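Trainee: This is the structure I have questions about; it appears just below.
Residue numbers (our numbering): 942 to 1742.
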C-alpha cells in the first residue's frame, strides 16, 4: 500500500488529459480515502499488540529489503498521513483554481510525498527508510516551490532542501554505524539486541547522527529556519506537510529509535533539552510575526519542540526502578496524544489562514481585523483551534498540555544524570514557553477576527468561504472538541499501541499501558501552573502593543537566518571564485587535472595496498624482433612530440600505431592486429583530412615551463600505466577469467574466436551502446555541417543581392 499513491501519480497525467472538465482533486481524493479505510481496519490488530508485515526484496546480497511493518506507532502515523491527506485534498479542490493552476503537477507532487511518508513510517529496514526519507525532501521541495515563478517560493524550497538533505545524510551515517554495530539493518532486530549496542564505541556517534536527521526534519533549534520560509507554499501544502506529516517525520524517528537509545544519558539530555529550547524559541518569536502563516510556522516549531521534549522524558522511564509507578510513563502517552491533537488543531488553523488569504486577499495581520461578523464559521473554527493550541478546556490541547507539565515537573524528582539539580530548569522553561503559546494563540485569532474592520487596507472585500472550502477545517475543529470528551477511546485505540512500541522495555502489549486521561486531577502543581499561564498570558496579550516593539531591537547579524544567508552567499562567492580558477576553457588544463588525479589515486592505491611486488618469473622471452619494434616505437613516438610540421607528426603517429599492430602479430593475435591496422588507417586519414582544413600553424613558441608541464604529466601517466600493468601481471588477487572464456565461448556463445565472441556476446550491450554513441555523434556532426552550409548559402545569397 506504500506505493499506491505513487502508482496513482504515474497515471494521473493520463486522467487529467482525458477528463479536463473535472477537477483533478476529485480523482486524487480516492487514494487517501481508500488507504485510510484500510488502515482503520487494522486498528483491532494493533490494539491487541499485533503487527502486519510484508516484504519486497531489494538488495538481498546486502540484506536490504523494502519491509513494511505496521505496528501501533506506524499505524498511527499512517492514519494521520491518509486522513489529514484526504481532508487537505478536499480543501485544495476548492482552494486551487483549475483554470489558473497546473493541478496535475500539484497532485503528482502531493501523491509522491504521501507515498514517501508512508514509506518512512512503515519501513523496518533502515536503508529503505532512508530512501523514503530523502524522497520526502525531494517531493516537499517540489511542493514548496510549486509557485516557481516567485522568488520567495524558490528560495524557501531550496532552503528546506539544503537543511533537510544535510540532516538526511547525517542520519544515513548513523544508520550505517548501527548496521555495523548490530550486523543488521532491521530496526526490530536492533531493538531486540537491547543494551548490548550501548557498549559499542560507535554508539554515541550513531545517536548524534540520527538525531541530526530528526532535528533537521522536525525543525528543531537551530535548524528550524527552513520552516517559516516554506510557508511560501500553497496553504494546502502547509496544512499537510508542515502541521501533520513531514515535520512529524523527525518525531517518528526519535520515537522509533527510543528503545535503542533510551539507555543513554546523552539521548535524554539532547532530545529533552533541544525540544524545550525549540519550544521556547518558537513560542517567543511567533509573536514577532505579522503574517498569519508565519505565526503558525513558529507555533509549529514550538509545538514540535514540546512533543520532542516529551519523547526525551519518555526515555527516563528506562532508568527508573518501578517505572510503572512513576509519572514518566505518562510522557510517551502525552507525546503521542499531543501529536494527534496538534494535527487536528494546527491543520484547521492553517486552512483558516488560507481561507482568510483567499477571501480577504492578504495574510498580513496588521491589515486584518473585524472579520468575525463577515466570516463567522471561519472565526468559530479559528477560535476552537487557537484555544486548543493555548491549552484551554474544553479542547483536546488542554489534556495533553497538562500531561506535558506533569512530565516536566517530574524531572526535579529524578536523581540521575544531574536532573535533581539542573532538572529544575525544565518545568521553568516549559511554563514560560506555555505562556507565550497562550499569547500567540490569542494573537492569531483575535487580531484577525475582532477589532475594527480595515477594509481600505484589504485587496478585496472579505466574505465567508464557500462551503466546500470549510468542510475540512470544520471537521478538524469538531475533532478537537470530540477528542476532549472521549480521550480514552482515542487512547485505547491509537495512543496505547503506539506507546507500547515506543517503550517495549515497560510494556509487552498495549493492554499493559494503564493510563486514564481525565480533565481534572485536583489542585496539584500542574493546575496552579495552568492558572499562572492563563493569568500572565492574558496580561501579556492585553499589553502586547507596548512590549511587542522589543522584537525590533534584535540585531540582524545574530539571527540564524542571517547566518544561513551569509553562509550561502560566502559559499556561492567562494565556489564561483574557485571554479573560475580551474574552469579556464582550456582543454589542456582539464586533461592535466584529470591525468594528475588519475596518477595520484592510482599510485596512492598501489602504495596503500602494497601493490609494487613485481614478478617476471612467468614472463615470455624477449626476441630480437621485440627489441627492434620497441626501438621503432620509441623513435616514432619521440618524432610525434618533437616534429615541427603537422604532416610529419601525423605520419609518425601512424607509424606508432602500425608498430603496435606488429606487436599483436608477434603475440599471435591476428584479429587484434587487423583491428589495429584498420583503426590506424582510418585515424590517419581522418587526421590528414581535418588538419587540411585547419588554419596555418601558429608561430607561437611554447615556453619551457609549458613543455616541462606536458613532460611531467606524460611521464607520470606512462609510469603509472606501466606500474599497474606490472603489478596486475605479478599479483593475481582473484582467479583469471580466461579459463571461463575458453570453456564457454563455444558451448554457450557458439563461436570459435574468443575476442569476437566477447565483443559481440559477452559485452554485447557495451558494444551496442558504443555503436549508439558513435551514431549519435555522427548525426550531430552531419547536423552541424548542414547548418554551416545553410548559413553559408544565406550569406552568399545576401552578398549576391
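Ideal placement from N, C-alpha and C gives every residue a C-beta, glycine not left out. Quick caveat, the model's predicted, so the values are computed rather than measured.
#1: Ends of the beta strand (DSSP E) at residue 1006?
#2: Shortest alpha-carbon distance to residue 1602 belongs to which of 1590, 1615, 1594, 1518?
#3: Using 10 angstroms around the beta-carbon of residue 1122, count the other beta-carbons present and answer buried if the total reaches 16, otherwise exposed.
#4: Could you check if residue 1026 is buried or exposed, using at least 16 other CB atoms within 10 Å of its CB as the buried criterion?
#5: Measure the Cβ-Cβ separation of residue 1290 and residue 1403 and say whether it is below 8 Å.
#6: Would DSSP call residue 994 helix, strand or coil?
#7: Going along the chain, which unbroken runs of the alpha helix (DSSP H) with 4 or more residues stay wholly within the region 1090 to 1168?
#8: Between which two residues does the alpha helix (DSSP H) carrying residue 1487 extend?
#9: Which of the three DSSP states, helix, strand or coil, is assigned to residue 1612?
#10: Would you mind giving the Cβ-Cβ distance between residue 1349 and residue 1323, rounded to the nearest angstrom? I have them listed as a contact below 8 Å.
#11: Short check: CB of residue 1177 to CB of residue 1033, under 8 Å?
#12: Could you pull out every unbroken alpha helix (DSSP H) segment of at least 4 residues lying fully inside the region 1446 to 1475, listed in chain order?
#13: Run through DSSP, which three-state label would residue 1337 get?
#14: Beta-carbon within less than 6 Å of residue 1069's beta-carbon, same chain only, minus the 5 sequence neighbours each way: which residues are those?
#15: For residue 1457, is the classification buried or exposed, using 16 other Cβ atoms within 10 angstroms of its Cβ as the cut-off for buried?
#16: Where does residue 1069 fall in DSSP's three states?
#17: Would the beta-carbon of residue 1259 fall within 8 Å of that of residue 1203?
#18: For residue 1015, which residues of its own chain have a beta-carbon under 7 Å away from its beta-carbon, when the five flanking residues on both sides are left out?
#19: Using 8 Å for Cβ pairs, my map puts residue 1482 next to residue 1380. What's the rounded Cβ distance?
#20: Rounded to whole angstroms, how far is the Cβ of residue 1143 from the Cβ of residue 1110, which I believe are closer than 8 Å?
#21: State the beta-bridge partners of residue 1000 as determined by DSSP.
#22: What three-state label does DSSP hand residue 1064 in the structure shown?
#23: If you draw a straight line from the alpha carbon of residue 1216 to that of residue 1161, how long is it in whole angstroms?
#24: Given a cut-off of 8 Å on the beta-carbon distance, is the pair residue 1045 and residue 985 in contact?
#25: For residue 1702, which of helix, strand or coil comes out of DSSP?
#26: Whose C-alpha, out of 1409, 1315, 1439, 1366, is nearest the C-alpha of residue 1393?
#27: Could you tell me which residues DSSP puts in a beta bridge with residue 989?
#28: Applying the 10 Å Cβ sphere with the 16-neighbour rule, what's the burial state of residue 1164?
#29: Are the beta-carbon atoms belonging to residue 1253 and residue 1213 less than 8 Å from one another?
#30: Considering only their Cβ atoms, is the gap separating residue 1166 from residue 1207 smaller than 8 Å?
#31: According to the neighbour-count rule (16 or more other Cβ atoms, all chains shown, within 10 Å of its Cβ), is residue 1646 buried or exposed?
#32: Quickly, what does DSSP pair residue 1232 with across the bridge? List them, please.
#33: Measure the beta-carbon distance from residue 1617 to residue 1598 and round it to whole angstroms, keeping in mind my assumption that it falls under 8 Å.
#34: What residue does the alpha helix (DSSP H) around residue 970 start on, and which one ends it?
#35: Looking at the structure shown, is residue 1678 part of a helix, part of a strand, or coil, going by DSSP?
#36: Run the CB neighbour count on residue 1512, radius 10 Å, all protein chains shown included, and call it buried at 16 or more, exposed below.
Mentor: With the given structure in hand:
#1: Working through the chain shown from its first residue, we reach residue 1006 at position 65. Where residue 1006 is concerned, the enclosing beta strand (DSSP E) stretches over 1005 to 1011.
#2: Taking the chain shown and counting its residues from 1, one reaches residue 1602 at position 661. Of 1590, 1615, 1594, 1518, the smallest CA-CA separation from residue 1602 is found for 1615.
#3: Walking along the chain shown from the start, residue 1122 turns up at place 181. Counting every other CB atom within 10 Å of its CB across the protein chains shown gives residue 1122 a total of 16 or more, marking it as buried.
#4: Residue numbering aside, residue 1026 sits at position 85 when the chain shown is read from its first letter. Label assigned to residue 1026: buried.
#5: Counting from 1 along the chain shown, the entry for residue 1290 is found at position 349. Counting from 1 along the chain shown, the entry for residue 1403 is found at position 462. Taking a C-beta distance under 8 Å as the contact criterion, residue 1290 and residue 1403 do not qualify as a contact pair.
#6: The residue given as residue 994 occupies position 53 in the chain shown. Look at residue 994 here: in three-state DSSP terms it is strand.
#7: Counting only runs of 4 or more residues that sit fully inside the region 1090 to 1168, the alpha helix (DSSP H) segments are 1092 to 1123, 1128 to 1133, 1144 to 1158, in chain order.
#8: Mapped onto the chain shown, residue 1487 falls at position 546. Where residue 1487 is concerned, the enclosing alpha helix (DSSP H) stretches over 1485 to 1488.
#9: Here residue 1612 refers to the residue found at position 671 when the chain shown is read from its first residue. Residue 1612: helix per DSSP, three-state reduction.
#10: Start at 1 with the first residue of the chain shown, and residue 1349 comes out as number 408. Start at 1 with the first residue of the chain shown, and residue 1323 comes out as number 382. The beta-carbon distance between residue 1349 and residue 1323, rounded to whole angstroms, is 28 Å. This is too long to meet the 8 Å contact definition.
#11: Locating residue 1177 in the chain shown gives position 236, counting from the first residue. Locating residue 1033 in the chain shown gives position 92, counting from the first residue. A contact, by the Cβ cut-off of 8 Å.
#12: Fully enclosed alpha helix (DSSP H) runs of 4 or longer: not present.
#13: Here the question's residue 1337 lines up with position 396 in the chain shown. Looking at residue 1337 - three-state DSSP - the assignment turns out to be helix.
#14: The residue given as residue 1069 occupies position 128 in the chain shown. Cβ neighbours of residue 1069 beyond the five flanking positions: 1007.
#15: Mapped onto the chain shown, residue 1457 falls at position 516. Taking a 10 Å sphere around the C-beta of residue 1457, we find fewer than 16 other C-beta atoms and assign the residue as exposed.
#16: Here residue 1069 corresponds to residue number 128 of the chain shown, with the count starting at 1. Residue state, collapsed to three classes: helix.
#17: The residue given as residue 1259 occupies position 318 in the chain shown. The residue given as residue 1203 occupies position 262 in the chain shown. Contact: yes.
#18: For the purposes of this step, residue 1015 is taken as residue 74 along the chain shown, with counting starting at 1. Excluding residues within five positions, the ones whose Cβ falls inside 7 Å are 1062, 1063.
#19: Counted from its first residue, the chain shown places residue 1482 at position 541. Counted from its first residue, the chain shown places residue 1380 at position 439. So it is a contact: roughly 5 Å between Cβ atoms.
#20: Translated into positions along the chain shown, residue 1143 becomes position 202. Translated into positions along the chain shown, residue 1110 becomes position 169. So it is not a contact: roughly 17 Å between Cβ atoms.
#21: Indexing the chain shown from 1 puts residue 1000 at position 59. Looking at the DSSP output, residue 1000 shares a beta bridge with 1005.
#22: Indexing the chain shown from 1 puts residue 1064 at position 123. Strand at residue 1064.
#23: As a position in the chain shown, residue 1216 is number 275, starting the count at 1. As a position in the chain shown, residue 1161 is number 220, starting the count at 1. Near 7 Å, if we compare the C-alpha coordinates of residue 1161 and residue 1216.
#24: Position 104 of the chain shown, counting from 1, holds the residue named residue 1045. Position 44 of the chain shown, counting from 1, holds the residue named residue 985. In terms of Cβ geometry, residue 1045 and residue 985 do not form a close pair [threshold 8 Å].
#25: Here residue 1702 refers to the residue found at position 761 of the chain shown. For residue 1702, the secondary structure class from DSSP, reduced to helix, strand or coil, is helix.
#26: Translated into positions along the chain shown, residue 1393 becomes position 452. Distance from the Cα of residue 1393 is smallest, within the candidate group 1409, 1315, 1439, 1366, for 1315.
#27: What you label residue 989 is simply residue 48 of the chain shown in a count that begins at 1. Paired residues: none, contrary to the question.
#28: Your numbering for residue 1164 matches position 223 in the chain shown. That one is buried.
#29: Translated into the one-based positions of the chain shown, residue 1253 becomes position 312. Translated into the one-based positions of the chain shown, residue 1213 becomes position 272. A contact, by the Cβ cut-off of 8 Å.
#30: Working through the chain shown from its first residue, we reach residue 1207 at position 266. Working through the chain shown from its first residue, we reach residue 1166 at position 225. Not a contact, by the Cβ cut-off of 8 Å.
#31: Looking up residue 1646 in the chain shown gives position 705. Exposed, by the Cβ-count rule.
#32: On the chain shown, position 291 is the one that residue 1232 refers to. Residue 1232 pairs with 1305.
#33: To locate residue 1617, count along the chain shown from 1; it is residue 676. To locate residue 1598, count along the chain shown from 1; it is residue 657. The pair is a contact, with the Cβ atoms about 6 Å apart (cut-off 8 Å).
#34: Residue numbering aside, residue 970 sits at position 29 when the chain shown is read from its first letter. Taken as a continuous stretch (DSSP letters only), residue 970 belongs to no alpha helix (DSSP H), as it is neither H nor E.
#35: Walking along the chain shown from the start, residue 1678 turns up at place 737. Looking at residue 1678 - three-state DSSP - the assignment turns out to be coil, as it is neither helix nor strand.
#36: On the chain shown, position 571 is the one that residue 1512 refers to. Result: exposed.
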